[in-house]
Amino acid sequence: MKSLNTMSFIMFFAVAAVCAVAAPPPHREAPRNFNIWRAFSTLSAQEQQELMKLQRTDPGKFREVMQKKAAEIHAARQARRQKIRQLAEQIRSCKDEKQKNILRQQLKEMVKTDFEQRLATLRRNIEANKKRIAAMEKELKKREQNSTAVIDAITDSIISGKTSRRPPRSR
1 MKSLNTMSFI MFFAVAAVCA VAAPPPHREA PRNFNIWRAF STLSAQEQQE LMKLQRTDPG
61 KFREVMQKKA AEIHAARQAR RQKIRQLAEQ IRSCKDEKQK NILRQQLKEM VKTDFEQRLA
121 TLRRNIEANK KRIAAMEKEL KKREQNSTAV IDAITDSIIS GKTSRRPPRS R
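Spelled out as structure tokens, the structure:
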């Protein structure tokens, strides 16, 4: 009996291992919303505000505009990456050192531009987060200052039976 259980156990894991190897996980693409919001973050503050108004008034039109912008930005990035790859290939295959240095300088400028754009995006994101944090700190201070009054009001409300006790929040 013990031998049969051992054999069953071994067979189970052997089949499970084969199934795990035979069926690779499905390929997952980046969600659409990620690409839309990535594109949104590259827009100027004024464009972002205009689009946020559009989102509130006409969500369908907003989605359409953002999908178009995301596709344009994606296509531009792909074209830029392709140009960088081609330039690198030209540099590798170039025999003339002078021409090679000119091509290298062009590539360096492209990389520099891309890098500076990423830094600018990060800087904008940090500034936006600083503003959100400042607003959150202001709200926290306001709540801390009014905490006694709020606690008394909630306590009185619970005692009087006007409101039911809230369930504790999960953390």
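All residue numbers for the sequence shown refer to the numbering used here, where the first residue is 1 and numbers rise by one. For glycine and all other residues, C-beta sits at the position ideal for the given N, C-alpha and C. In this text, all values refer to a predicted model and were calculated from it rather than measured experimentally.
Between Leu51 and Phe40 the beta-carbon gap is near 7 Å, inside 8 Å, which marks them as a contact. Here Leu87 carries a helix assignment [DSSP, helix/strand/coil].
Judged by DSSP in its simplified three-state form, Gly161 adopts coil rather than helix or strand.
Cβ-Cβ separation between Thr113 and Thr42: approximately 14 Å, too far for a contact (criterion under 8 Å).
When rounded, the separation of the alpha-carbon atoms in Lys95 and Glu109 is 21 Å. Between Leu119 and Gln106, the C-beta spacing is not below 8 Å. Looking from the CA of Gln67, the closest CA among Ile36, Ala76, Arg124 belongs to Ile36.
Annotation: Arg80 to Thr148 spans about 59 Å, alpha carbon to alpha carbon. Beta-carbon to beta-carbon, Ile91 and Lys98 are separated by about 12 Å, too far to satisfy the 8 Å threshold.
DSSP places Leu122 inside the alpha helix (DSSP H), whose first and last residues are 97 to 145.
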